[in-house]
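Read in order, the letters of the sequence shown are residues 18 to 209 in our numbering. For each residue, glycine too, the CB sits at the ideal point set by N, CA and C. Before any comments, here is the structure.
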Amino acid sequence: MIQFILFGPPGSGKGTQAAKLAEKYDLYHISTGDLFRSETANKTTLGLKALEYMSQGQLVPDEITIGMLKNKISNLSEVSGFIYDGFPRTNPQAEALDCLLQESNQAIDLLLSLEVPEDEIVKRILNRGKTSGRPDDNDEAIIRKRIQVYLDETSIVFEHYAKLGKSRHINGIGTIEEIFERLCFELDQICK
Ligand code: ADP
């Protein structure tokens, strides 16, 4: 069972690459952003609460996020591994994930962080905003806020797994295929 975190700032290409990797390595793709958006679309209590934070470029509180993730994972039948995309985004989330995995004698095997400069990220997200319909993709101030939240609260998660020798940086500039190959090279090392 592979437990793999695809990491990096908003707009770094995690969603695109996670979908390709999930297919190639037969992994279950968990995107907390997608889960929140689906809750919002269904107008559930959780979704409406999450929207208050998402639309402002803030993180949804850990309690809500961790609860939703646990609920999702416990309802899955047999899978051969996971890609976590957009989770964990804070140290408490990383600790909660570690505890959850420990209950079944597992642990994170690898964290790959896509590195993309801030100006390129803003360009990509504004471009995505033309078609994504996401309220957090259209406003440059909100996008910059999301990047700041990433730097302040999320980037430390890299160090959490680096201490265990599990974190690697990946150049996130290039074509989708070039970046995919870089990620596959690292995943192949742990899938051997
Ligand atoms: P991006 O990585 O492009 O910002 P996501 O789809 O991963 O997009 O997340 C969109 C929003 O959903 C985030 O800005 C945040 O408000 C919320 N969110 C997603 N994952 C988490 C998480 N693990 N913890 C807290 N909030 C989250």
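Backbone CA spacing between residue i and residue j [nearest angstrom]
i: T148; j: D154; result: 10 Å
i: G182; j: R199; result: 18 Å
i: A36; j: Y42; result: 10 Å
i: L44; j: E95; result: 11 Å
i: D169; j: E194; result: 30 Å
i: K87; j: D115; result: 12 Å
i: C201; j: K180; result: 23 Å
i: P134; j: I190; result: 9 Å
i: V77; j: D205; result: 33 Å
i: R151; j: Y178; result: 30 Å
i: E176; j: F24; result: 12 Å
i: F197; j: E40; result: 12 Å
i: L38; j: R145; result: 21 Å
Cut-off 7 Å between Cβ atoms - residues of its own chain near residue i, not counting five sequence neighbours on either side
i: Q20; result: G98, F99, L118, Q123, A124, I125, D126
i: H186; result: S130, E132
i: R225; result: Because residue 225 is not part of the residues shown, which for the chain are 18 to 209, the question remains open.
i: G103; result: K31, S48, T49, G50
i: I138; result: P26, P27, G28, S29, I164
i: M18; result: S97, G98, Q123
i: Y70; result: L76, V77
Sequence-distant residues of its chain with Cβ nearer than 8 Å to residue i (five each side left out)
i: E203; result: L127, L129, R185, I187
i: M85; result: T49, L52, F53, E56, L63
i: L93; result: Y45
i: K162; result: Q73, G74, Q75
Contacts around residue i, its chain only, beta-carbon distance under 6 Å, and the 5 residues preceding and following it disregarded
i: V174; result: P105, A111
Residue-level contact to chain C via CB, residue i, 8 Å cutoff
i: N188; result: As a matter of chain content, chain C is missing from the structure shown, which is built from one protein chain.
Beta-carbon proximity of residue i to residue j, cut-off 8 Å
i: I159; j: Q73; result: yes
i: V166; j: Q34; result: no
i: P109; j: D136; result: no
i: A67; j: I81; result: yes
i: Y101; j: I207; result: no
i: T171; j: T107; result: yes
i: I83; j: A113; result: yes
i: E157; j: L143; result: yes
Opening and closing residue of the beta strand (DSSP E) in which residue i lies
i: D43; result: D43 -> no beta strand (DSSP E), and no H or E assigned at all.
i: L63; result: No beta strand (DSSP E) contains L63, which is instead part of the alpha helix (DSSP H) from 62-71.
i: L23; result: 19-24
i: R100; result: According to the sequence shown, residue 100 is Ile rather than Arg. Note, I100: beta strand (DSSP E), 98-102.
i: N188; result: 184-188
Host alpha helix (DSSP H) of residue i (start-end)
i: N88; result: 79-91
i: F53; result: 49-58
i: N196; result: Before going on, a small fix: residue 196 reads as Ile here, not Asn. 193-208 is the span of the alpha helix (DSSP H), which, as asked, contains I196.
i: N108; result: 108-119
> At which residue ranges does the region 126-174 contain complete beta strand (DSSP E) runs of 3 or more residues, listed in the order of the chain?
Replying inline: 127-132
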